[in-house]
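J.: Following this message is one structure expressed as structure tokens.
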């Protein structure tokens, strides 16, 4: 009798855990559907002749998908979110097609909001001279949020429809790595090299010729250097997990995982998306025989040689890619066990 009661209690807990896991999934996809639908309706209204002026340094608030293309993107994202809700969980070709649709639509929305990186920098460091566009930044934040929600909904659907734990997606006997892989070390130092190459490029043209030369923001300069040197190294070295001995009051204690992982993921994601799209645009413009960065008129115009950008932009992108790889390795090494399956 007692054994039966224990088994019944275990079954109830397991069902409750399943309900919580599926409840999170059931909320994410509908929120994504409503979010991107409302944002799409706003873009329809704007494209009917009500688009606010001066939404970004390049006038349009989004990149890649602008005008009615942005409406089509929102429609595709809404269809993907609805499919994640209504299509029965299955395997095979239909599952792979739905996952590809969800990943593509969510990723396209994230990429289209690439200028949000400038919004963040302009808001956090107004002394840098980067103009902040309030309405445009809200639009890009909405686009980014919709893309992230759709990506999370797609990830959850992927986990539910493959063998393994529906909460974490892990199956079989899972071993957490006991050290950072060698390729992650190379990636982290590649990120540092990208940051240093960007600084060297600026040194070659002169720091007075920087587009941000009007700013004397010491905080930004310190953050720039730390984000390109200390942060990538913290992702792969032990001092990013355990406070070193020279840190007062914290020596030997565990470093909060979010303190290292979240900045690494956010900065690397912004660099990869923003400068990746910029690099593509530069290649397209140069293939057409145009200078991607013509000199601007006026006393505050841009007077930098094109060669500077062919070094600086790829350096930023390499910095982002290297730190993204290091962030993934840090995530895998420090991730806690699943609260449901224990893997």
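Numbering (the numbering used here), first residue to last: 433 to 775. Even glycine gets a Cβ: it sits at the ideal position worked out from N, Cα and C. Just so we're clear, the structure is a prediction, and the values are computed from it rather than from any experiment.
Are residue 546 and residue 569 close, meaning C-beta to C-beta below 9 Å?
T.: Their beta carbons are not under 9 Å apart, which means residue 546 does not touch residue 569 by this criterion.
J.: Leaving out five residues on either side along the sequence, give the residues of the same chain with a beta carbon under 6 Å from the beta carbon of residue 624.
T.: Result list for residue 624: 661, 664, in chain order.
J.: Quick one, which of 679, 677, 678, 693 has its alpha-carbon nearest residue 666's?
T.: Checked all of 679, 677, 678, 693; the closest Cα to residue 666 is 693.
J.: Can you give the Cα-Cα distance for residue 495 and residue 575, rounded to whole angstroms?
T.: Using only the alpha carbons, I get a separation of about 11 Å.
J.: Going by beta-carbon coordinates alone, are residue 754 and residue 621 separated by less than 9 Å?
T.: Yes; because the gap between Cβ atoms is below 9 Å, this pair is in contact.
J.: If you reduce the DSSP assignment to three classes, tell me which class residue 673 lands in.
T.: Coil at residue 673, not helix or strand.
J.: Within 10 angstroms of its Cβ, does residue 512 collect 16 or more other Cβ (buried), or is it exposed?
T.: So residue 512 ends up on the buried side.
J.: Three-state secondary structure (DSSP) at residue 528?
T.: Looking at residue 528 - three-state DSSP - the assignment turns out to be helix.
J.: One question on the structure: do residue 584 and residue 510 come within less than 9 Å of each other, judged by their Cβ atoms?
T.: Cβ atoms of residue 584 and residue 510: not closer than 9 Å.
J.: Can you give the beta carbon distance from residue 582 to residue 534, rounded, assuming they're within the 8 Å contact cut?
T.: Contact flag correct, Cβ pair sits at about 6 Å.
J.: Pick from 710, 726, 690, 720: whose alpha carbon is nearest that of residue 767?
T.: Looking at the Cα atoms, 690 is the closest of the given residues.
J.: Give the secondary structure of residue 686 by DSSP, where H, G and I count as helix, E and B as strand, and everything else as coil.
T.: In the structure shown, residue 686 sits in a strand (DSSP, three-state: E or B).
J.: Output yes or no for whether 9 Å exceeds the beta carbon distance between residue 541 and residue 514.
T.: Cβ distance not < 9 Å, so residue 541 and residue 514 don't count as in contact.
J.: Would you kindly check if the distance between the Cβ of residue 521 and the Cβ of residue 592 is under 9 Å?
T.: Cβ distance < 9 Å, so residue 592 and residue 521 count as in contact.
J.: If we ignore side chains and look at the alpha-carbon of each, how far apart do residue 698 and residue 548 end up?
T.: Their backbone Cα atoms lie some 12 Å apart in a straight line.
J.: Taking the straight line between their C-alpha atoms, what separation do you get for residue 447 and residue 499?
T.: With a pLDDT of 39 at residue 447, under the threshold of 50, the modelled position of that residue is not reliable, and no figure is offered here.
J.: For residue 487 versus residue 571, is the C-beta distance shorter than 9 Å?
T.: For residue 487 and residue 571, yes; Cβs fall inside 9 Å.
J.: Which stretch, first to last residue, makes up the alpha helix (DSSP H) that contains residue 518?
T.: Residues 500-518.
J.: Taking buried to mean at least 16 other C-beta atoms within 10 Å of its own C-beta, is residue 633 buried or exposed?
T.: So residue 633 counts as buried.
J.: Checking 9 Å against the spacing of the C-beta atoms, do residue 619 and residue 657 come in under that value?
T.: No. Outside cutoff.
J.: Going by C-alpha distance, which of 746, 724, 614 is nearest residue 758?
T.: Closest by alpha carbon: 614.
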